[in-house]
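Residue numbers (the working numbering), protein chains in the order written: chain A, 103 to 498; chain Z, 792 to 1221.
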């Protein structure tokens, strides 16, 4: 509600805001925050729906992507083999210690388990399948097998199975790749004679799979991978598919986490200070009223067309056009100075100028009827000469 | 809702319990206490919604002069309103003190003076006033923006006024009132008086001399009550800035000087701002208010970003004056716009009126045409020379149709136009 008064004029007061316009104003004031909140909620819902149940870990039995192991896990489940995916070492041990025959699939890509944990697993497990095991795992599960490095990319593919292991009986060949292992006997020999290195090693109850391509969704149908995978994993009624995570890593040594040395109040105080920062932002960011806009006038520099033409001349190296313009303008000035009419011919103007000024006619003729001028240096020299002559003749 | 610095300090104080009894419950309790205090403070604050806002704004102010607008705040509520107020003047009004602390007891009214120093011509406005009402503890405040519109009309500065005394002096010389007589050719007979040495012998009235003992001369006075129609072009070419002033503003200065001069010279002045349609019009009315009407009409003029359409101009001029008039057209001599728009209709105007075309010349082009220091400068000089030549050709064409041309730099245009008017008046061509 407001009224505008002036010594000699009284302007119409704006009408009081109606309820509708008040709400419209509030909507305008809050709409940014409302939109941000709605977008945040939608993003959270989308994220929960789209990414929640999905698992993107390599060889995970829940991962339907090319690198996942869901295909093998589903086929095994269809053959009444229960596939369990423990989410930690304790759960894995519990699953292994349960009744009935179990196979342990251990795929420790990050090498998170230490010697003690591996030993514990080894004691609990019956049949074990190690996928791309490292040195630590082999030392516990298959002491006489040694890693022999990575299969070179240029290795011939496929590799013939060529071995007497029953699980590989239906397999003739498989893709080359992954890691290779040195052992007394094995299948998919990558090495030469006396330097055997295998992609599939069986030692006691432990099977070492050198190539994850035997199991993953993308390659399980290649060559004879499918029977190999199913035979290897489906020997017992229960399969414990265990992929350790960083949560299973057991920190050893003193003060692995320096934050644990800090007093208790540090993190609540830090949180409070963050909150204080937010409050300070709210305090400083609140404007006292909306911004006032200034309707600015258009600014057009008057000489911008001439400037544009100059740039065109320059870009096109239009020396002739520049010379013609300057010469014509100079002749006009001469004609005005010598009181010759607008219609005078250039010859007459130059001749009169030579007579009046006493300058040599040949010099003026060279200047006003120039030979072909080449190069910017020539142009500048000519223009300066023109300028000098004009001054000598007395044009201000 | 707005927070105060005191609230932030209080929140910092909340660090003490958080450190003494670390834990989430402490944080929640501290947060709860803070929110409760802020909420209480806001609840106890006076409502900014009931405040009644009134303004007193000067009707108009000349550009360059200060003005004071007054803001009245009335608190009809039952609580004392403490806090601050901010008035939303647009920046070009030059308002420095738009924020005031306020302390309004219930039912009382206060006035605040806002000092304005406008930096632009035109209608400058204020749209809203924001009232922030602080709670008794000074932790948080209620804030509301009231719509409260107001306009300050900023008139053209009329710097050309300084030329007025000398031009008026010359006008008076024409009028026969001064000691030195300048006789116009086509002027009207005024009176007879005794010959004094220095008078033109051709002005001796022999018949009257024969009747009396002294030699008697006739005196003339310039024609009076002629019509002067000033047309100001507000099309896109008037937006161009020459010497840091839009052509439109130079045109306004020149129009004002000419109008005041013509009015003192006894002529009737009409003003028309035109591009495709009339933008402003002032008719020759009572002389005392002519200047006021003129500056009021000119104040809100802005360059329109459209091409001028002069084909409607003869009809507009005819509507203003059916008699022979001095038609002053303030426009730009840009080749394309004038050749296509103005040249075709100019014969229709020159056949009936005396037409003067006044245009602003860009002194920068002359400077550039003379600069041949390096290659880039030579190309610029060539382009400038070419533009100037086209302009000269255009002026020749316009003169051939019978128009007078006044082509001058921004500062020189108003006096030169005034000189042209005096010359035309002296030679009786009006």
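For glycine and all other residues, C-beta sits at the position ideal for the given N, C-alpha and C.
Bear in mind the structure is a predicted one, so any value in this text is a computation, not a measurement.
Reference residue i; option with closest CA among the options
{"i": "residue 284 of chain A", "options": "A:425, A:278, A:252", "result": "A:252"}
{"i": "residue 948 of chain Z", "options": "Z:996, Z:1045, Z:809", "result": "Z:1045"}
{"i": "residue 421 of chain A", "options": "A:473, A:448, A:451", "result": "A:473"}
{"i": "residue 412 of chain A", "options": "Z:1125, Z:1167, Z:1042", "result": "Z:1167"}
{"i": "residue 928 of chain Z", "options": "Z:833, Z:983, Z:1047", "result": "Z:833"}
{"i": "residue 289 of chain A", "options": "A:297, A:302, A:392", "result": "A:302"}
{"i": "residue 1145 of chain Z", "options": "Z:1194, Z:1152, Z:993", "result": "Z:1194"}
{"i": "residue 1104 of chain Z", "options": "Z:1132, Z:1084, Z:1114", "result": "Z:1132"}
{"i": "residue 936 of chain Z", "options": "A:391, A:192, A:131", "result": "A:391"}
{"i": "residue 404 of chain A", "options": "Z:991, Z:1201, Z:1188", "result": "Z:1201"}
{"i": "residue 1142 of chain Z", "options": "Z:1113, Z:1165, Z:1155, Z:931", "result": "Z:1113"}
{"i": "residue 1180 of chain Z", "options": "Z:1165, Z:1190, Z:1192, Z:1160", "result": "Z:1160"}
{"i": "residue 1069 of chain Z", "options": "Z:1080, Z:1026, Z:1038", "result": "Z:1026"}
{"i": "residue 1038 of chain Z", "options": "Z:1053, Z:1150, Z:880", "result": "Z:1150"}
{"i": "residue 317 of chain A", "options": "A:360, A:231, A:254", "result": "A:231"}
{"i": "residue 418 of chain A", "options": "A:478, A:242, A:395", "result": "A:478"}
{"i": "residue 946 of chain Z", "options": "Z:1010, Z:1063, Z:908, Z:854", "result": "Z:854"}
{"i": "residue 340 of chain A", "options": "A:186, A:169, A:146, A:172", "result": "A:186"}
{"i": "residue 236 of chain A", "options": "A:332, A:280, A:225", "result": "A:280"}
Where residue i falls: helix, strand or coil (DSSP)
{"i": "residue 896 of chain Z", "result": "coil"}
{"i": "residue 844 of chain Z", "result": "strand"}
{"i": "residue 864 of chain Z", "result": "strand"}
{"i": "residue 925 of chain Z", "result": "strand"}
{"i": "residue 1212 of chain Z", "result": "helix"}
{"i": "residue 249 of chain A", "result": "strand"}
{"i": "residue 952 of chain Z", "result": "helix"}
{"i": "residue 281 of chain A", "result": "strand"}
{"i": "residue 918 of chain Z", "result": "strand"}
{"i": "residue 851 of chain Z", "result": "strand"}
{"i": "residue 1101 of chain Z", "result": "helix"}
{"i": "residue 891 of chain Z", "result": "strand"}
{"i": "residue 984 of chain Z", "result": "strand"}
{"i": "residue 1096 of chain Z", "result": "coil"}
{"i": "residue 262 of chain A", "result": "strand"}
{"i": "residue 493 of chain A", "result": "helix"}
Contacting residues, own chain, Cβ-Cβ under 6 Å from residue i (five flanking each side not counted)
{"i": "residue 876 of chain Z", "result": "891, 893, 922"}
{"i": "residue 986 of chain Z", "result": "1006, 1008"}
{"i": "residue 439 of chain A", "result": "497"}
{"i": "residue 1182 of chain Z", "result": "1124"}
{"i": "residue 456 of chain A", "result": "463, 466"}
{"i": "residue 351 of chain A", "result": "214"}
{"i": "residue 1053 of chain Z", "result": "1019, 1060"}
{"i": "residue 839 of chain Z", "result": "922, 924, 933, 935"}
Host alpha helix (DSSP H) of residue i (start-end)
{"i": "residue 1221 of chain Z", "result": "Run containing residue 1221 of chain Z: none; DSSP gives neither H nor E here."}
{"i": "residue 822 of chain Z", "result": "815–835"}
{"i": "residue 1188 of chain Z", "result": "1166–1192"}
{"i": "residue 963 of chain Z", "result": "955–965"}
{"i": "residue 1043 of chain Z", "result": "1038–1055"}
First and last residue of the uninterrupted beta strand (DSSP E) at residue i
{"i": "residue 1062 of chain Z", "result": "1059–1065"}
{"i": "residue 937 of chain Z", "result": "931–946"}
{"i": "residue 288 of chain A", "result": "288–291"}
{"i": "residue 873 of chain Z", "result": "872–880"}
{"i": "residue 192 of chain A", "result": "Residue 192 of chain A -> not in any beta strand (DSSP E); alpha helix (DSSP H) instead, spanning 191–199."}
{"i": "residue 1018 of chain Z", "result": "1018–1024"}
{"i": "residue 301 of chain A", "result": "300–305"}
{"i": "residue 273 of chain A", "result": "No beta strand (DSSP E) contains residue 273 of chain A, which DSSP labels as neither H nor E."}
{"i": "residue 61 of chain A", "result": "Beyond the ends of chain A as shown, which are 103 and 498, falls residue 61 of chain A; an answer cannot be given."}
Beta-bridge pairing of residue i - partner residues as DSSP gives them
{"i": "residue 184 of chain A", "result": "A:340"}
{"i": "residue 1031 of chain Z", "result": "A:402"}
{"i": "residue 791 of chain Z", "result": "Residue 791 of chain Z lies beyond the range of chain Z shown here (792 to 1221); nothing can be said about it."}
{"i": "residue 1069 of chain Z", "result": "Z:1065"}
{"i": "residue 1148 of chain Z", "result": "Z:1120, Z:1196"}
{"i": "residue 233 of chain A", "result": "A:311"}
Residues near residue i by beta carbon distance below 8 Å, same chain, minus five either side
{"i": "residue 977 of chain Z", "result": "Summary for residue 977 of chain Z: the model assigns pLDDT 48, below 50, so the residue's position carries little reliability; its value from the coordinates is reported in the next sentence. Closer than 8 Å at Cβ, skipping near neighbours: 1014, 1218, 1219, 1220."}
{"i": "residue 415 of chain A", "result": "423, 424"}
{"i": "residue 841 of chain Z", "result": "866, 867, 868"}
Neighbourhood of residue i by C-beta, 7 Å cutoff - its chain only, sequence neighbours within 5 removed
{"i": "residue 347 of chain A", "result": "214"}
{"i": "residue 216 of chain A", "result": "352"}
Residues that residue i contacts on chain C, provided the C-beta gap is smaller than 7 Å
{"i": "residue 894 of chain Z", "result": "Among the chains of the structure shown, chain C does not appear; the protein chains present are A and Z."}
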